[in-house]
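This report refers to the structure that appears directly beneath it.
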Amino acid sequence: MTHLARIERESLCDTFDQVGPDAPTLCSPWTTADLAAHLVIRERRPDLAPGIWLPPLAGRLEESQADYAGKPWPELVDLIRSGPPAWSPAQLSSVDDAVNFLEFFIHHEDVLRGDGQVGPRREVPLREQKALWKTLKRLGKVFFRRSPVGVVLERTDGKVLTVKGPTELGTVTVRGDATELVLAAYGRRRVADLSVAGDDAAVQALWEAPLGLS
């Protein structure tokens, strides 16, 4: 059975092929070419990674990203589609899933919802939905650690997950499919199809909080 990261990798690359290098993404001001270049550098150029956190090295990272973004579009997409380089531990499917599945899923949605409109643009397979829910169970407390309010995630089938205990500001229940809840956890709630229950001030405090892994 094809592993999850490979499925999302192929699906993302198919979308890249359809929309081309100049389409908008949720990672504004990045276009799809910029986002694809980011993914290639993340997977193939670990020597440039310190530029993400160290300002003195940021220029080298930005220059390399611009170089990759300027490559012929089929060549750039193929660098992603062809998979991890031979030296990468992600050659192992278990490592690939752990390192890349969520990354590819989020960035695929960044492309699909790049117009900023709310709601899904594809039917995500049940297998992936289950994996995304498991991710929330494993990392939900990390994603919402900076929330000033309690947070309960509720799937549309009624399954519930508390990712932040109650605070003096109250608790907010966020309801939606696993795909939409993951997008909210990653700070993409403005394009996620969600419903919320809670005091208005608590809801506002939640959505103003910096969510995600960063």
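The sequence shown: position 168 = 168 (full-length UniProt numbering), numbered continuously.
For glycine and all other residues, C-beta sits at the position ideal for the given N, C-alpha and C.
Would you please state the rounded distance, in angstroms, between the beta carbons of Arg81 and Arg9? I believe it to be under 8 Å.
Arg9 and Arg81 do touch by the CB rule: their CB atoms are close to 7 Å apart, below 8 Å.
Can you give me the start and stop residues for the alpha helix (DSSP H) that Lys137 sits inside?
Where Lys137 is concerned, the enclosing alpha helix (DSSP H) stretches over 126-143.
Tell me the DSSP secondary structure of Glu154 in three-state form.
Strand.
Given that a residue counts as buried once 16 or more other Cβ atoms are within 10 Å of its Cβ, and exposed if not, what is Asp47?
Asp47 sits exposed, since fewer than 16 C-beta atoms from the chains shown fall within 10 Å of its C-beta.
Over the uninterrupted alpha helix (DSSP H) stretch that includes Arg44, give me the two end residues.
Segment 32-44, the alpha helix (DSSP H) holding Arg44.
Can you give me the C-alpha to C-alpha distance between Leu211 and Thr135, rounded to a whole angstrom?
Their Cα atoms are separated by approximately 15 Å.
Grab me the residues of Gly83's own chain with a C-beta within less than 6 Å of its C-beta, minus the 5 sequence neighbours each way, in chain order.
Only residues of its own chain outside the window of five on either side were considered, and among them none has a CB closer than 6 Å to the CB of Gly83.
Own chain residues within Cβ distance below 6 Å of Trp133, not counting five before or after
Same-chain partners within the cutoff: Ala178.
Looking at the structure shown, is Gly59 part of a helix, part of a strand, or coil, going by DSSP?
Correct three-state label for Gly59: helix.
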